[in-house]
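In our numbering, the protein residues as written are 1245 to 2011.
Note that beta-carbon positions come from the ideal geometry of N, C-alpha and C, so glycine has one too.
Everything numeric in this text was worked out from a predicted model, so none of it was measured.
Written out below as structure tokens is the structure these notes cover.
Right, dumping it as structure tokens:
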């Protein structure tokens, strides 16, 4: 019997491919620790999910030890190939060697093509690309739906080695740049172990954008200006701005104000017009991540959810540059599917149009379509952020197909004693696509009906003082857009770069701002050699990798040029090693000021490392100098500790109620509040602790000798009741949240929680 092997990238994708190709008659099996899927009678088909890369590149064992003396050796070394997924490797060898045909069905992008090529080289050997013949095909699809999958296998294409080489070049280049620069900076500053300093080819110029913007803000000196604003009245109040703009000289502004001394203005010009409200373009990856970040979902998290929705068959492939729907997509067919969903009324509006004309963005590509829904989710199938992101994709799709909006625009010029004021008004006459897409709003301003020559009462004319403003910090949406414009990273990597900068302690918040470590790193880089902080160098390498994908350049030529550039950068850093160390240490010790010390009036600063925080007063000899673990945003609470008089802190963690604590970890204010009762195992104290992921839980004070732990709800104030559970011996706790009081045993499967007083019981908060 003939054997066909299909290689899929992930388990969910493998299941859907097998389901559609077998008409639901596939069977899950297991071999050598790997789950795979089998179907077919006349031709046996094995679908093997790989869970990503099977092979990864690494340095030889002789270069694994971090040393300043071996950095140049890393550049010259031949990278070794390491098997990352042994079970997938063994399964490919077992079935691939016996196969009569092989179909690569990984994601159709650079990374997916490289994963497929890795699998081929495991099966056919290192000379696979020279000996493919008719045995190997490539299935290209953009959605895991029945029609797409069946068409992809009926009309296969060839394996694109140029595309795979582009991904391979990126892997090798990023490994070299990241390893060499990270080792150099970590060794130079003696920040090793968990506190190592991570640098990267794309990571560093992205951080430089954020640091440079922060420096602009800090060095900005506001300049005062004045503006004249007239308030007129005709049925309603409306405002007019002085036609001449702002004044930099106050005396000049006062002179004009005095000239405009009248209770009546004359309408010199009035116009009413109509403007279109253009539809948004279809989602590409960057625009999708920008929009979803405004919903409060981090880009990296949003991308993981989008990939899950894709592999589960809800949306099309989420890694795309395209903003134009291909003609091959049946837009009405998608709408018909969505009619049987929570969006049926919105779909009816779109279908009621005489003609459906989708909007178009600036980028038209042939690899994948824009992101759009391919299946209607049934009520209750998706929850939380999954539901939010799916709804965003659906509504964006509908908005691109519905009619444009219309707004009425009014403009008036009103003269007050010869001083002209301009008034604007805008009202939405037809919301069009906005009625389907609640994520965008049009700011409306009412301007009443006026006639040229009409007298208009003046309510007041005010002289308003203001000042110039610094440029705003990047929010995540604008940072993603700027990275795209500067060719920093790709659609598939930008969200990961931002997440790395956050997780490694270089940036924080949204809008984002650099930490002292991030500022120190970029300062040291710029003072010595600004090239790796300059987007231009990274953009050059990105262009080179694009050229590999189109066959204009070879992988070896681009990686060799990258090594030459890196060698120059490393040489410059070596010559300035002492200056780099001094700059980073200086910035780290500056910390971030969070307020005044109530003990002596000095400034209290926060100095962060990856896992610890140092809280220190700048006044020499002040006893405010503590090191503690505290994930989350730290603020001064505005009051002193009732036990030791130190300034109390407010620690804000996502998804939790704010925590008030004393900066002294040993203060009884902290220990007494965190201890909730005796451990039922060994009599130690059960203490409220924080996990590495910022989740609170109960743990025994005798850890590691005692491993008793209990999860805790993240919201609300946890307090001991003084009672002990009669079933398991744990302390009974209560949580106060708003007006509700929840009494429970921390051992969630305890009989106590199944009875009247348990988890499901809520009582009014006692007065």
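For residue i, which residues of its own chain have a beta-carbon under 7 Å away from its beta-carbon, when the five flanking residues on both sides are left out?
i	result
residue 1995	1971
residue 1448	1769, 1776, 1777
residue 1901	1959, 1960, 1961
residue 1428	1315, 1814, 1817
residue 1517	1653
residue 1460	1714, 1715
Nearest by alpha-carbon distance to residue i: which of the options is it?
i	options	result
residue 1462	1716, 1792, 1786, 1860	1716
residue 1701	1677, 1359, 1478, 1948	1478
residue 1434	1821, 1531, 1709	1821
residue 1489	1871, 1665, 1714	1665
residue 1359	1393, 1398, 1409, 1731	1409
residue 1560	1766, 1257, 1506, 1703	1257
residue 1570	1579, 1386, 1442	1386
residue 1737	1817, 1354, 1714	1354
residue 1908	1259, 1374, 1885	1885
residue 1792	1407, 1255, 1668, 1555	1407
residue 1785	1418, 1333, 1493	1418
residue 1954	1967, 1975, 1966	1975
residue 1524	1265, 1646, 1373, 1305	1646
residue 1388	1618, 1602, 1429	1618
residue 1697	1515, 1436, 1459	1515
residue 1284	1916, 1248, 1310	1248
residue 1731	1753, 1789, 1713	1789
residue 1319	1304, 1452, 1521	1304
residue 1279	1330, 1357, 1502	1330
residue 2012	1436, 1504, 1806	Outside the displayed range of the chain (1245 to 2011) lies residue 2012, so it cannot be described from this structure.
residue 1690	1483, 1811, 1546, 1411	1483
residue 1873	1940, 1275, 1756, 1718	1940
residue 1634	1616, 1651, 1643	1616
residue 1487	1494, 1373, 1504, 1480	1504
By Cβ distance, which residues of its chain are closer than 8 Å to residue i, with the 5 residues on each side in sequence left out?
i	result
residue 1337	1366, 1367
residue 1830	1764
residue 1708	1470, 1471, 1472, 1473
residue 1607	1528, 1565, 1566, 1567, 1568
Tell me whether residue i is buried or exposed, calling it buried when 16 or more other Cβ atoms sit within 10 Å of its Cβ.
i	result
residue 1574	exposed
residue 1859	buried
residue 1914	buried
residue 1444	buried
residue 1261	buried
residue 1245	exposed
residue 1298	buried
residue 1528	buried
residue 1464	exposed
residue 2024	The first residue shown for the chain is 1245 and the last is 2011, placing residue 2024 beyond what the model contains.
residue 1864	exposed
residue 2074	No information on residue 2074 is available, as it lies outside the stretch 1245 to 2011 that the chain covers here.
residue 1694	buried
residue 1312	exposed
residue 1361	buried
Leaving out the 5 sequence neighbours to the left and right, which residues in its chain are closer than 6 Å to residue i when beta-carbon positions are compared?
i	result
residue 1675	1649
residue 1851	1835, 1858
residue 1926	1946, 1950
residue 1919	1929, 1931
residue 1781	1775
residue 1880	1838, 1839, 1891
residue 1713	none
So, does the CB of residue i fall closer than 8 Å to a CB anywhere in chain B?
i	result
residue 1534	Annotation note: the requested chain B is absent from the structure, which comprises a single protein chain.
Start-end ranges of the beta strand (DSSP E) lying completely within the segment 1637–1691, minimum 3 residues: 1649–1660, 1663–1674
Going along the chain, which unbroken runs of the beta strand (DSSP E) with 3 or more residues stay wholly within the segment 1548–1605? none
In chain order, which continuous runs of the alpha helix (DSSP H) of length 4 or greater are located wholly inside the segment 1387–1445? 1390–1398, 1405–1433
Would you call the segment 1398–1413 and the segment 1583–1601 touching, i.e. three or more CB-CB distances under 8 Å? no
Three or more C-beta pairs under 8 Å: does that hold for the segment 1838–1852 against the segment 1801–1821? no
How about the segment 1505–1515 and the segment 1652–1660: do they share at least three Cβ pairs that are nearer than 8 Å? yes
Threshold first: 4 residues or longer. Then list the alpha helix (DSSP H) segments lying entirely within the segment 1755–1782, N to C. 1760–1772
In chain order, which beta strand (DSSP E) runs of at least 3 residues are fully inside the segment 1915–1998? 1919–1922, 1929–1934, 1940–1944, 1953–1955, 1961–1968, 1975–1981, 1984–1988
State whether the segment 1421–1438 contacts the segment 1691–1706, with contact taken as three or more CB pairs (one from each stretch) at a distance under 8 Å. no
My parser needs the beta strand (DSSP E) runs of 3 or more residues fully inside the segment 1246–1280; what are they? 1246–1252, 1271–1275
Inside the segment 1773–1856 only - alpha helix (DSSP H) runs reaching at least 4 residues: 1779–1793, 1799–1819, 1821–1834
Under 8 Å: do the segment 1541–1561 and the segment 1591–1608 share three or more Cβ pairs, one atom per stretch? no
Taking contact to mean at least 3 C-beta pairs separated by less than 8 Å, is the segment 1532–1552 in contact with the segment 1369–1384? no
Please give the ranges of any beta strand (DSSP E) in the segment 1475–1502, keeping only runs that are unbroken, at least 3 residues long and fully inside the region. 1480–1486
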